[in-house]
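Novice: Quick note on this note's numbering: the sequence shown kicks off at 14 and runs consecutively.
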Amino acid sequence: MEVDMLFKIAAVGIIVSVLGQVLTRAGRDDQAMLTALAGLVIVLTMVIREVSTLFTTVKSLFGL
Numbered sequence: 014m015e016v017d018m019l020f021k022i023a024a025v026g027i028i029v030s031v032l033g034q035v036l037t038r039a040g041r042d043d044q045a046m047l048t049a050l051a052g053l054v055i056v057l058t059m060v061i062r063e064v065s066t067l068f069t070t071v072k073s074l075f076g077l
């Protein structure tokens with residue numbers, strides 16, 4: 014895993030946090046929750062892609 018992945022996850026977290034705070038202060042709690050959920054889905058997609066690469070590497074390493 015590269016450092017770039019950590020920076021991307023941190024950037025998504027910061028953006029989602031700021032948007033969530035702005036939307037909560039504006040009284041749009043439902044949209045704030047959807048924003049947090051969208052951020053979670055984006056990060057999980059990035060992590061799942063890396064885990065898939067890891068499994069492929071392990072599989073080729075052991076010749077399975």
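Ideal placement from N, C-alpha and C gives every residue a C-beta, glycine not left out.
Remember, it's a predicted structure, so these values are computed and weren't measured experimentally.
Could you compute how far the alpha carbon of Gly26 sits from the alpha carbon of Thr70?
Specialist: 28 angstroms
Novice: Please report how far the alpha carbon of Ile22 lies from the alpha carbon of Ile61, in whole angstroms.
Specialist: 13 angstroms
Novice: Return the chain-ordered list of same chain residues with a C-beta closer than 6 angstroms to the C-beta of Ala45, the five sequence neighbours on each side being excluded.
Specialist: The beta carbon of Ala45 sits closer than 6 angstroms to the beta carbons of Gly33, Leu36 and Thr37 from its chain, once the five residues preceding and following it are set aside; these are given in chain order.
Novice: Run through DSSP, which three-state label would Gly52 get?
Specialist: helix
Novice: What span of residues does the alpha helix (DSSP H) with Gly26 cover, start to end?
Specialist: Val16 to Arg38
Novice: Helix, strand or coil: which one does DSSP assign to Leu74?
Specialist: helix
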